[in-house]
Amino acid sequence: MRIYVGGLPYQSTEQDLIQLFEQIGQVTFATVITDRETGRSKGFGFVEMSSDDEARAAIEQLNGSTLGDRTITVNEARERRAPGGGGGGYQSRDRSSNGGGYRDRY
């Protein structure tokens, strides 16, 4: 199970996440999301644990706990939506009410 961890102190590292979650069970993956331009943490990350039971226990025990000087949010990660989200964009259409423009006037 993939776990979302929000509200992280900006200086948090992947190692910090691993150490925190290993108190509950085996961590198979951990990452802190960083800004591409600055390299600075965006304040959230993801953790994967070796079993769903360990992941659920981690969510129960760590959600609302403190890391550094911040209260963190820990819950099951939701799937990302497809980029663009549909809708919008440019559609070509005839804007004149008679459909033909000037040539229908004469």
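Residue numbers (full-length UniProt numbering): 1 to 106.
Using N, Cα and C, we set each Cβ at its ideal position, and we do this for glycine too.
Quantities reported herein were computed from a predicted structural model and do not represent experimental measurements.
- Per the DSSP secondary-structure output, tyrosine 4 pairs in a beta bridge with Phe46, Asn75.
- Close CB contacts of lysine 42 within its chain, under the 7 angstroms cut and outside five residues either way in sequence, are with Ile33, Thr34, Asp35 (chain order).
- Nearest Cα to aspartate 69 within the set Tyr4, Met1, Ser12, Gln61: Ser12.
- Short of 8 angstroms from the beta carbon of threonine 28, and not among the five residues preceding or following it, lie these beta carbons of its own chain, in chain order: Glu48, Met49, Ser50.
- When the five nearest sequence neighbours on each side are left out, the beta carbons in the same chain lying within less than 6 angstroms of the beta carbon of glycine 6 are those of Phe44, Thr73, in order along the chain.
- Beyond the five residues adjoining it in sequence on each side, glutamine 61 comes within less than 7 angstroms, by CB distance, of Ile24 in the same chain, given in chain order.
- Closest in alpha carbon position to tyrosine 4, among Glu22, Asp16, Thr66, Thr31, is Thr31.
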